[in-house]
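K.L.:
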Amino acid sequence: MPPEVEDAVEAMTAVNNEFFYWMSIGLMMLIHAGFLAYEVGASRSKNVLATAMKNLLAFATIVVGFYFVGWFLYNAMPSGFIEFNDAAKAALPWSDNMGPNIEDPASGIFWGAFALFAATTGSIMSGAVLERIRTSGFLILTVFVGSVVWIIGAAWGWHGAGWMLTKLGFHDVGAAGCVHMIAGFAALGLLINLGPRIGRFKPDGTAVTIPPHNLPLTMLGLFLIFTGFFGFLMGCAIYGPNGYTTIYGTPTNLSAFAFNTLMGLAGGIIGAYVTSKGEPFWTISGGLAGVISVAPGLDLYHPALGFIVAMVGGGLIPYVGKLLEKFRIDDVVAAVTVHGGTGAYALVMVGIFMHGYPNLDGYSPITFWGQLIGMLVFAALGFVPTYLLSLLLKKLHLLRIPPEVEEQGLDLSEVPATPYPEGIPVTGKAALNGNGAAPMVAAASSEVK
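With the numbering used here applied, the sequence shown corresponds to residues 904 to 1352, in that order.
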């Protein structure tokens, strides 16, 4: 091949690579649109704008934190400890690679994809803690999880040189462990210190259902999340001149991902529908549980096996949710159940069904014990640091809002606007315009003639 043709092919490959990940970033943004709609719908009407603002701020602060800290940690810690290797030095925020650079078309686009993974991980906690957490305390926790905790797990177990791969043969192509498990168990550690919403449990421990104010919006939000996860899983494939590989360097293609993502989505919905007896919240949450169930083995499962694994995973979540209620854990959107519990289940299933499957030459094959150890590592990595940090914030009175604020609703105390001005009288902070005067609002009881 003439040199000029080789140069043209190389340039075309670089452009295609950039465009591939640019599209995955755009699709992943739908996850955050879905989170916002999902959580707003799951909140009561007195908290909807505060919930939306919390989502927006979580996304923004995690992206900044990941730029300055997270990307460096990912490249510096595959061995388990910080090492200033060439990749780590290139990921420092003052490096030439961390800004516009004609000679480096890859760093920004890969950083962008990982920044969206980070924002997803940190935002998963958001729904679990609705309606009673201080925004300042939440942002500290979500940046910590999204910019530090999860990316350490990714460096260990979702990296081509991570010690969990090289020592254990660990396999988690779709990030069920480093994203979903860590986020779910981080949410559990936070919820223990945060406590339930006022009125969520009776004095004898009996659970009281607090219904979402807009269940259809919650269901729409989850469908946006499903759509965004095609971009998320697209970003889990490495696109190069010789085709696609997994994050571990093993060959794969998007066809494998398509088969198992769709079969997992279908299996999870069906499983949750059956075990919840058609309860809408659990049924649609089962779709997400199904995708997470097959995520570690997207590249290896036969679609029929993926469907079965997902159907069982989706079918389990109503029971796990009820179990958490017995311990007075108030997880508004079932983040611990769907992400933490299902992520753990998913990793173990790969160990059962893919035990002995070879990895790259020189690395241990996939084993049940390797997957089990990886699952325990991610559970501890998600739970312990977040539990300790949230305990510190609790002692500093930075974790939970006062009871009177919780009862009147966060929209009145934190947001200078009202979400439904035609149906809810404007009071409190939202009642004042820029001059301190009350704006004119149509009476809630007005009839439409």
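In this text, a Cβ means the ideal position worked out from N, Cα and C, and glycines have one as well.
Do GLY1049 and GLY1080 count as a contact pair if the criterion is CB distance below 7 Å?
P.N.:
As a position in the sequence shown, residue 1080 is number 177, starting the count at 1. As a position in the sequence shown, residue 1049 is number 146, starting the count at 1. No.
K.L.:
Quick check on DSSP: helix, strand or coil for ILE934?
P.N.:
Taking the first residue of the sequence shown as 1, we reach residue 934 at position 31. In this structure, ILE934 counts as helix in the three-state DSSP scheme.
K.L.:
Is it true that the CB of TYR977 sits closer than 7 Å to the CB of ILE1036?
P.N.:
Taking the sequence shown and counting its residues from 1, the one referred to as residue 1036 is at position 133. Taking the sequence shown and counting its residues from 1, the one referred to as residue 977 is at position 74. Contact: no.
K.L.:
Which residues bound the beta strand (DSSP E) around GLY1102?
P.N.:
On the sequence shown, residue 1102 is found 199 positions in, with the first residue counted as 1. GLY1102 -> no beta strand (DSSP E), and no H or E assigned at all.
K.L.:
In chain order, what residues of the same chain have a beta carbon less than 7 Å from the beta carbon of ALA1022, not counting five sequence neighbours either side?
P.N.:
Your numbering for residue 1022 matches position 119 in the sequence shown. Excluding sequence neighbours, ALA1022 sits near HIS935, PHE962, ILE965, VAL966, GLY1049.
K.L.:
Taking LEU1302 as the reference, give the member of GLU942, ILE1095, VAL918, PRO1199 with the closest Cα.
P.N.:
Along the sequence shown, one-based indexing puts residue 1302 at 399. The shortest Cα separation from LEU1302 among GLU942, ILE1095, VAL918, PRO1199 belongs to ILE1095.
K.L.:
Would you give the residue range spanned by the beta strand (DSSP E) that GLY1361 belongs to?
P.N.:
The structure shown does not extend to residue 1361, since the chain is modelled only from 904 to 1352, so the question has no answer here.
K.L.:
When burial is assigned at 16 or more other CB atoms within 10 Å of the CB, is ASP1233 buried or exposed?
P.N.:
Mapped onto the sequence shown, residue 1233 falls at position 330. By the 10 Å Cβ count, ASP1233 comes out buried.
K.L.:
Would you mind listing the alpha helix (DSSP H) stretches within the segment 965-1026 that are 4+ residues and don't spill past its ends, in chain order?
P.N.:
974-979, 989-993
K.L.:
DSSP beta-bridge partners for ILE1036?
P.N.:
Residue mapping note: residue 1036 aligns to position 133 of the sequence shown, counting from 1. ILE1036 is bridged to ARG1303.
K.L.:
Looking only at its own chain, which residues have a Cβ that is under 7 Å from the Cβ of ILE1012, when we skip the five neighbours before and after it?
P.N.:
For this step, residue 1012 is matched to residue 109 along the sequence shown. Cβ within range, chain order: GLU921, TYR924, TRP925.
K.L.:
Is it buried or exposed for ALA1213, if we count other Cβ within 10 angstroms and need 16 for buried?
P.N.:
Here the question's residue 1213 lines up with position 310 in the sequence shown. It is buried - the Cβ of ALA1213 has at least 16 other Cβ atoms within 10 Å.
K.L.:
Does DSSP put ASN1336 in a helix, in a strand, or in coil?
P.N.:
For this step, residue 1336 is matched to residue 433 along the sequence shown. Since pLDDT at ASN1336 reaches only 42, below the 50 mark, its modelled position is unreliable, and the value read off the structure follows with that caveat. Three-state DSSP puts ASN1336 in coil, outside helix and strand.
K.L.:
Within 10 angstroms of the Cβ of PHE1129, are there 16 or more other Cβ atoms? Answer buried if so, exposed if not.
P.N.:
For the purposes of this step, residue 1129 is taken as residue 226 along the sequence shown, with counting starting at 1. Burial call: buried.
K.L.:
So, for PRO906: in the same chain, excluding its five sequence neighbours on each side, which residues have a beta-carbon less than 8 Å away from its beta-carbon?
P.N.:
Here residue 906 refers to the residue found at position 3 when the sequence shown is read from its first residue. So the list is empty, once near-sequence residues are dropped.
K.L.:
For SER1293, tell me which candidate among ALA1057, GLU1182, LEU1279, VAL1046 has the shortest Cα-Cα distance.
P.N.:
Reading the sequence shown from its first residue, position 390 is the one you call residue 1293. Nearest in C-alpha terms to SER1293, of all of ALA1057, GLU1182, LEU1279, VAL1046, is VAL1046.
K.L.:
Using only alpha-carbon positions, find the residue among VAL1253, PRO1221, MET1252 that is nearest to THR1240.
P.N.:
Numbered from 1 along the sequence shown, position 337 holds the residue referred to as residue 1240. It is PRO1221.
K.L.:
DSSP three-state label for THR1148, please.
P.N.:
To locate residue 1148, count along the sequence shown from 1; it is residue 245. Three-state result, THR1148: strand.
K.L.:
Quick one: Cα of ASN1117 to Cα of PRO996, how far?
P.N.:
Indexing the sequence shown from 1 puts residue 1117 at position 214. Indexing the sequence shown from 1 puts residue 996 at position 93. Going from the Cα of ASN1117 to the Cα of PRO996 covers about 42 Å.
K.L.:
What is the rounded straight-line gap between the Cα of GLY1190 and the Cα of ALA911?
P.N.:
Here residue 1190 corresponds to residue number 287 of the sequence shown, with the count starting at 1. Here residue 911 corresponds to residue number 8 of the sequence shown, with the count starting at 1. Cα to Cα, the separation comes out at about 43 Å.
K.L.:
Quick check: the segment 936-950 against the segment 1309-1317, are at least 3 beta-carbon pairs closer than 8 Å?
P.N.:
yes
K.L.:
Is the Cβ-Cβ distance between THR1149 and VAL1076 less than 7 Å?
P.N.:
Looking up residue 1149 in the sequence shown gives position 246. Looking up residue 1076 in the sequence shown gives position 173. Yes, the pair counts as a contact, with Cβ atoms nearer than the cut-off.
K.L.:
Let me know the secondary structure DSSP gives PRO1328 once reduced to three states.
P.N.:
Along the sequence shown, one-based indexing puts residue 1328 at 425. Reliability fails at PRO1328, whose pLDDT of 49 lies under 50, so the model's placement of it is uncertain and no value is given.
K.L.:
Taking C-alpha atoms, which residue in PRO1268, ALA994, MET1278 lies nearest to THR1069?
P.N.:
Within the sequence shown, residue 1069 is the residue found at index 166, counting from 1. Looking from the CA of THR1069, the closest CA among PRO1268, ALA994, MET1278 belongs to PRO1268.
K.L.:
Output the residue ranges of the alpha helix (DSSP H) runs that lie fully inside the segment 1058-1129 and measure 4 residues or longer, sorted by chain position.
P.N.:
1066-1071, 1085-1097
K.L.:
Which of the three DSSP states, helix, strand or coil, is assigned to THR1155?
P.N.:
In the sequence shown, residue 1155 corresponds to position 252, counting from 1. THR1155 falls in the strand class under three-state DSSP.
K.L.:
The alpha helix (DSSP H) with THR1240 in it runs from where to where?
P.N.:
As a working mapping, residue 1240 is identified with position 337 in the sequence shown. THR1240 -> no alpha helix (DSSP H), and no H or E assigned at all.
K.L.:
Considering only their Cβ atoms, is the gap separating GLY1040 from VAL1236 smaller than 7 Å?
P.N.:
Counting from one through the sequence shown, the residue named residue 1236 turns up at place 333. Counting from one through the sequence shown, the residue named residue 1040 turns up at place 137. No; because the gap between Cβ atoms is not below 7 Å, this pair is not in contact.
K.L.:
Are the C-beta atoms of SER1158 and some chain C residue less than 7 Å apart?
P.N.:
The structure shown contains no chain C, having only a single protein chain.
K.L.:
Nearest to ALA1090 by alpha carbon, out of GLY1025, ALA1192, PRO1324?
P.N.:
Reading the sequence shown from its first residue, position 187 is the one you call residue 1090. Taking only the C-alpha atoms, the option nearest ALA1090 is GLY1025.
K.L.:
What does the Cβ neighbour count give for TRP1014, buried or exposed, with the cut at 16 atoms within 10 Å?
P.N.:
Position 111 of the sequence shown, counting from 1, holds the residue named residue 1014. That one is buried.
K.L.:
Taking the alpha helix (DSSP H) that TYR1290 falls in, what are its first and last residues?
P.N.:
Taking the first residue of the sequence shown as 1, we reach residue 1290 at position 387. Start and end: 1271-1298.
K.L.:
Of the residues LEU939, HIS1074, LEU1127, GLU1034, which one's Cα is nearest the Cα of PRO1114?
P.N.:
In the sequence shown, residue 1114 corresponds to position 211, counting from 1. Nearest C-alpha to PRO1114: GLU1034.
K.L.:
Indicate the three-state DSSP secondary structure (helix, strand or coil) for ASP1314 in the structure shown.
P.N.:
Here residue 1314 refers to the residue found at position 411 when the sequence shown is read from its first residue. It is helical.
K.L.:
Can you give me the C-alpha to C-alpha distance between VAL1111 and LYS1105, rounded to a whole angstrom?
P.N.:
Translated into positions along the sequence shown, residue 1111 becomes position 208. Translated into positions along the sequence shown, residue 1105 becomes position 202. When rounded, the distance between both Cα atoms is 7 Å.
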